[in-house]
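In the numbering used here, the protein residues as written are 3 to 133. For each residue, glycine too, the CB sits at the ideal point set by N, CA and C. Shown next, in C-alpha cells, is the structure this report addresses.
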C-alpha cells in the first residue's frame, strides 16, 4: 500500500466516524424541530383567544376614555358653578354678619335709650314731686 492509499483509508474512516457521530445529532435536531413546531402550534392556539380578548378590552378602554374626555367639560362647568356658589354663600355670610352686627348695635342703643329715658323720667318725677 502506498502512502496515498493509507491517507485515503484514514480519511474514509474519519468520514465514517463523523457520519456515525453526526446521525444522532441530526436525529436530536429533528426531534427538537418537531417539538418546537408542536410548542408553536400550542402557543398559537392558546394565545389567539387571549390576544382577541386583549384587543376587545383595549377597544372598550378607548371608548371609555373618549366618553370620559367628552364629559370633562361638564365636570369643569360643574366645578365652576360650585365655586361661584361658594363665593355667593361667602358673600351672603358676610352680609348676615354685617346685619347681625347692626342689629346687636341697635339693640344696645335701644337698651341704652330705655335706661337713659327711665333715668331722665325718674329724675324729672323726682324734681317735680320732690320740690
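Here the C-alpha atom of residue 10 lies approximately 52 Å from the C-alpha atom of residue 46. If you draw a straight line from the Cα of residue 81 to the Cα of residue 75, it is about 10 Å long.
Here residue 54 has no same chain residue with a Cβ atom under 6 Å from its own Cβ, once five neighbours each way along the sequence are excluded. If you draw a straight line from the Cα of residue 68 to the Cα of residue 89, it comes to about 33 Å. C-alpha of residue 15 to C-alpha of residue 51: approximately 55 Å in a straight line. In the three-state reduction of the DSSP assignment, residue 20 falls in the helix class, which pools H, G and I.
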